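K.L.:
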Amino acid sequence: MVEALRLNGVPCAAQFHSHDLDAILTWYETSGFRRVVMKPALGAYSDGVGICESKAEIAAIFERNIGRLNVVGETKDEYVIQEYLEGRHFVVNTVSVAGRHFVTDIWHEVNHHRGTQIIDEYADSVRRDAPDFSVLSAYVHDVLDALQIHNGAAHTEVMLTADGPRLIETGARLAGGIDYSVVEQCHGYSQVSVLADSVIAPHLFEARQAACVTAPARHARFIYMNSQFAGTVAEQPHLARFLSVPGLMSIKLTFAKGARLERTGQTFGHPGYAMLVADSPQELARDYAHFRAMETSFFCEATNAGADSEWEHAA
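When we follow my numbering, the leftmost residue of the sequence shown carries the number 2, and every step to the right adds one.
(1) Buried or exposed: where does histidine 188 fall if 16 or more other Cβ atoms within 10 Å of its Cβ makes it buried?
(2) Count the C-beta pairs between the stretch 153-161 and the stretch 81-95 that are closer than 8 Å, then say yes if the count reaches three, no if not.
(3) Report, in whole angstroms, the separation of the C-beta atoms of alanine 124 and histidine 109, which I expect to be a contact under 8 Å.
(4) Keeping to the same chain, check which residues put their C-beta closer than 8 Å to that of alanine 260; ignore five residues upstream and five downstream.
(5) With H, G and I counted as helix, E and B as strand and the rest as coil, what does DSSP make of isoleucine 224?
(6) Which residues mark the beginning and the end of the beta strand (DSSP E) in which proline 166 is found?
(7) Per the contact definition of three or more C-beta pairs closer than 8 Å, is the stretch 190-197 in contact with the stretch 105-122?
(8) Starting from valine 1, follow its DSSP beta bridges and name the residues at the other end.
(9) The ligand GDP and isoleucine 169: does any heavy atom of the ligand fall closer than 7 Å to the residue's C-beta?
(10) Just the Cα atoms here: how many angstroms apart are leucine 244 and phenylalanine 230?
(11) Spell out the partners DSSP gives aspartate 106 in its beta bridges.
(12) How would you label histidine 220, buried or exposed, when you count the other beta carbons within 10 angstroms and need 16 or more for buried?
(13) Looking only at C-alpha atoms, which of Thr265, Arg7, Val96, Ala211 sits nearest to alanine 200?
(14) Between which residues of its own chain and glutamate 87 is the CB-CB distance below 7 Å, once the five residues before and five after are set aside?
(15) Below 8 Å between beta carbons: does that hold for aspartate 78 and isoleucine 62?
(16) Taking just the CA atoms, how far does proline 166 sit from arginine 129?
(17) Who does glycine 153 pair with in a DSSP beta bridge?
(18) Where proline 247 and lysine 258 are concerned, what is the direct C-alpha to C-alpha distance, given to the nearest angstrom?
(19) Roughly how many angstroms lie between the CA atoms of leucine 145 and histidine 151, to the nearest whole one?
(20) Quick one: Cα of valine 136 to Cα of isoleucine 169, how far?
(21) Since tyrosine 80 contacts proline 132 with CB under 8 Å, what's their CB separation in whole angstroms?
(22) Going by DSSP, which residues form a beta bridge with proline 41?
(23) If isoleucine 120 and asparagine 227 are in contact, beta carbons under 8 Å, what's the gap, nearest whole angstrom?
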């Protein structure tokens with residue numbers, strides 16, 4: 002993927018991939034990079050992904066994961082080592098028709114690191130009139146052209162660095178995990194509705210784009226639920242407490258009664274996801290703080306466990 006960008010003159014990160022740990026370590030030693038990202042060539046979520054600053058950390062991630070099955074049942078038989086991109090993390094969702102690309106929505110991802118792990122916190126929708134929107138859109142158009150994604154949906158992750166946008170990865174698919182009904186409420190359209198229109202009436206694609214560009218937009222936040230508690234869930238979790246959060250539009254859990262819940266970061270994925278919508282950034286911040294306070298007591302009761310003092314939750 003990155004090599005396709007390089008061949009087409011699209012700015013991209015330095016990287017190397019191999020089945021062999023010694024080859025990966027040699028590349029690291031000669032690259033000049035202090036911090037790198039290790040990730041399986043095939044995978045999903047953050048399964049097998051780590052931020053490394055030493056040969057020992059690189060070797061530990063490689064040896065812990067190589068040869069094992071990933072979350073979709075494929076063997077992790079090759080690793081990619083890539084320069085760590087300093088900057089702000091964005092997700093860009095698109096729909097394309099005959100090589101014409103339209104960015105339906107962009108999200109600014111916020112996360113923090115604990116050791117070599119990446120802990121996702123939330124993602125904020127980026128307004129279409131924001132300067133970042135046009136910069137990221139132009140870059141992703143070039144990425145899609147280089148990858149020869151001419152039709153359909155795509156989900157692209159980009160790091161906006163001091164030197165400009167750099168691709169993390171692109172999937173020729175719809176965005177996963179998101180509640181599209183909330184996106185529709187926020188923007189008046191979503192990647193799903195634009196994709197459906199592009200299939201039913203591709204000749205109206207440009208007119209549809211114009212209508213979307215002028216649609217009003219509210220502020221939305223996608224929340225990755227995080228648990229600092231671990232334990233077996235004795236009772237079916239009740240979500241009623243979260244109804245007091247004014248801007249809460251959607252919430253779903255990925256566990257149920259009888260499940261073993263681990264501290265977030267000790268397994269891939271998250272115990273749940275939620276979405277907020279508000280009329281201002283101030284309202285969004287208020288509702289987010291309210292939600293996180295409720296979340297702490299929710300997981301404490303769900304697991305009937307005490308807090309782990311090693312947990313670090315970034316504000």
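The beta-carbon is built from N, C-alpha and C at its ideal position, and this holds for glycine as well.
Predicted, not measured: the structure shown is a model, and the values here were computed from it.
P.N.:
Quick look at the numbers:
(1) By one-based count along the sequence shown, residue 188 stands at place 187. Result: buried.
(2) These segments touch.
(3) The sequence position of residue 124 within the sequence shown is 123, counting from 1. The sequence position of residue 109 within the sequence shown is 108, counting from 1. That belief holds up - the Cβ atoms of alanine 124 and histidine 109 are roughly 6 Å apart, short of 8 Å.
(4) Stepping through the sequence shown from its first residue, residue 260 is reached at position 259. Thr233, Val234.
(5) Locating residue 224 in the sequence shown gives position 223, where the first residue counts as 1. In this structure, isoleucine 224 counts as strand in the three-state DSSP scheme.
(6) By one-based count along the sequence shown, residue 166 stands at place 165. For proline 166, the uninterrupted beta strand (DSSP E) segment begins and ends at 165-172.
(7) Contact holds: three or more Cβ-Cβ distances are below 8 Å.
(8) In this structure the chain extends from 2 to 316, so residue 1 is not present and cannot be described.
(9) Absence of the ligand GDP from the depicted structure is noted, as is the absence of any ligand whatsoever, leaving it without description.
(10) Taking the first residue of the sequence shown as 1, we reach residue 244 at position 243. Taking the first residue of the sequence shown as 1, we reach residue 230 at position 229. Each residue's alpha carbon lies about 22 Å from the other.
(11) Translated into positions along the sequence shown, residue 106 becomes position 105. In DSSP, aspartate 106 forms a bridge with Asn94.
(12) Here residue 220 corresponds to residue number 219 of the sequence shown, with the count starting at 1. Buried, by the Cβ-count rule.
(13) For the purposes of this step, residue 200 is taken as residue 199 along the sequence shown, with counting starting at 1. Reading off the sequence shown, one finds valine at residue 200, where the question assumed alanine. Selected option, being the one with the closest Cα: Val96.
(14) Counting from one through the sequence shown, the residue named residue 87 turns up at place 86. Residues Thr162 of the same chain have their beta carbon placed closer than 7 Å to that of glutamate 87, with the five preceding and five following residues left out of the count.
(15) Walking along the sequence shown from the start, residue 78 turns up at place 77. Walking along the sequence shown from the start, residue 62 turns up at place 61. Using a Cβ distance threshold of 8 Å, aspartate 78 and isoleucine 62 do not count as a contacting pair.
(16) Position 128 of the sequence shown holds residue 129. Position 165 of the sequence shown holds residue 166. Their backbone Cα atoms lie some 17 Å apart in a straight line.
(17) The residue given as residue 153 occupies position 152 in the sequence shown. DSSP links glycine 153 through a beta bridge to Ser97.
(18) Along the sequence shown, read from residue 1 onward, the residue named residue 247 stands at position 246. Along the sequence shown, read from residue 1 onward, the residue named residue 258 stands at position 257. Distance between the alpha carbons of proline 247 and lysine 258: 27 Å.
(19) Taking the first residue of the sequence shown as 1, we reach residue 145 at position 144. Taking the first residue of the sequence shown as 1, we reach residue 151 at position 150. Near 7 Å, if we compare the C-alpha coordinates of histidine 151 and leucine 145.
(20) Reading the sequence shown from its first residue, position 135 is the one you call residue 136. Reading the sequence shown from its first residue, position 168 is the one you call residue 169. The straight-line gap from Cα to Cα measures roughly 16 Å.
(21) Taking the sequence shown and counting its residues from 1, one reaches residue 80 at position 79. Taking the sequence shown and counting its residues from 1, one reaches residue 132 at position 131. Their Cβ separation, rounded to whole angstroms, is 36 Å, which puts tyrosine 80 and proline 132 out of contact at 8 Å.
(22) Looking up residue 41 in the sequence shown gives position 40. Answer by DSSP bridge pairing, in chain order: Tyr80.
(23) For the purposes of this step, residue 120 is identified with residue 119 of the sequence shown, where counting begins at 1. For the purposes of this step, residue 227 is identified with residue 226 of the sequence shown, where counting begins at 1. Indeed they touch by this definition, with Cβ atoms about 7 Å apart.
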